[in-house]
Amino acid sequence: MVVDGLSTDKTAEIARSMGAKVIRQRRRGYGDALQVGFYYVDTKTKTAVTVMIDADGTYEPKDIAKMADIIISGDADFVIGNRFANMDKDAMTTVNRIGNKVLSSVARRLLKIKVSDSQCGLRAFRTDLANIFYNSSLGMPFATEMLTATSMYHIRIKEIPTSYYKRVGDTKLNPIQDGGRILGTIIRLMRDTRPLSFFLSIGLVMIGIGAFFGIEVLLDYLKTHTVGRIPTTILSVLLIVLGVQTISLGLISDMIKNKNYDKRIFFSE
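Start counting the sequence shown at 4; every next residue gets the next number (this note's numbering).
Structure, rendered in structure tokens:
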């Protein structure tokens, strides 16, 4: 099945001539195209495994079978490729390489997932998991949101080495703009999916800074028996209070998240 993202080339025409089901995307965006495809596969077909791949010739179609076999065998629920394992020399610019490495490192630390290439577009997953990927970003950050969902629901994820070739045609990617959006998405989704860790970290930093300034005020008071440095005292108290409130917000958010936790995805017929 091919999602035609309003492109001006002959991708849709060629796919249709070869017997593929072609769906025309009404909106624009990488993430929207994938969600359209996921929804169709989830609601209109009975396939057990869904594989996503770009139509720009960058990925090796033979790797699809490897991914599907892992899902079918039950070794993992979500499989992602690692383009750096076998990448053509000119397939990715130096800026993109560095950006991908940085984003992958951030994803590993924040999402607690073992992946070396978080932005790889060649992925496979159990079709019954498609519903957890809906209502996500319409653009490039969608790839990161998928991984965030796998982390949130503790889905078994596996990475395999894949091939990556130089793109056929011009690219529309903006590494700086897309990288900033993806990094912002990681932070936002960390807040939404791991609220306790997110707000606890911020709260503890606030309390720590407040305590640092407060110690100076306390030492002065022990020496002079008067409260000096009024602005510093106010700042110290304010930071500590805000820190405690931030941690409380994290506890409440975590309870709400757990209450809405959907356990249905752990079961498949």
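For glycine and all other residues, C-beta sits at the position ideal for the given N, C-alpha and C.
Since we're looking at a predicted model, the values are computed, not measured.
Alpha-carbon to alpha-carbon, residue j and residue i
i, j, result
"R126", "I250", "36 Å"
"Y42", "I73", "22 Å"
"A88", "F216", "49 Å"
"M70", "I17", "25 Å"
"M149", "R112", "16 Å"
"V25", "A133", "19 Å"
"Y137", "T50", "18 Å"
"V6", "F202", "39 Å"
"G32", "T53", "20 Å"
"G231", "I212", "18 Å"
"R159", "D45", "20 Å"
"K169", "D80", "29 Å"
"Y167", "I67", "13 Å"
"T96", "G102", "10 Å"
"P234", "V105", "40 Å"
"A23", "G34", "21 Å"
"V244", "T236", "12 Å"
"I268", "G77", "In this prediction, I268 has a pLDDT of 46, which is less than 50 and means its spatial position is unreliable; what the coordinates show is noted afterwards. Between I268 and G77, the C-alpha separation is close to 14 Å."
Among the options, nearest to residue i - alpha-carbon criterion
i, options, result
"T196", "F215, P164, I255, M95", "I255"
"L242", "K226, M209, I160", "M209"
"T165", "D91, G253, G8, A36", "D91"
"I116", "I190, E162, G253, F136", "E162"
"I75", "F128, T46, R27, V6", "F128"
"A152", "I67, A36, K260", "K260"
"L238", "I218, Y224, L252, T229", "I218"
"S204", "R86, H228, G253, I135", "G253"
"T130", "G124, H228, V82", "V82"
Residue span of the alpha helix (DSSP H) that contains residue i, given as start and end
i, result
"E148", "145–155"
"F41", "33–47"
"R29", "Note, R29: premise wrong, no alpha helix (DSSP H); not H, not E."
"D7", "Here D7 belongs to no alpha helix (DSSP H); instead the beta strand (DSSP E) covers 5–7."
"K69", "66–76"
"E16", "14–20"
Where residue i sits in the DSSP three-state scheme
i, result
"V208", "helix"
"A58", "coil"
"A94", "coil"
"V118", "coil"
"V109", "helix"
"F52", "As written in the sequence, residue 52 is Val, which differs from the Phe given in the question. Strand at V52."
"E63", "coil"
"G231", "coil"
"Y137", "coil"
Residue range of the beta strand (DSSP E) that includes residue i
i, result
"G84", "81–90"
"E162", "160–167"
"R126", "126–129"
Contact set for residue i: own chain, Cβ-Cβ below 7 Å, skip 5 residues either direction
i, result
"D257", "P198, L199"
"V171", "D59, G60"
"L37", "M55, F145"
"K226", "none"
"V39", "V6, I26, Q28"
Contact test: residue i Cβ vs the ligand ZN heavy atom, cutoff 7 Å
i, result
"D72", "As presented, the structure is devoid of all ligands, the ligand ZN included, so that no description of it is given."
Own chain, CB closer than 8 Å to residue i, minus 5 neighbours either side, in chain order
i, result
"L207", "G246, I250"
Chain-order list of residues whose beta-carbon lies under 6 Å from that of residue i (same chain, five-residue window excluded)
i, result
"E63", "S166"
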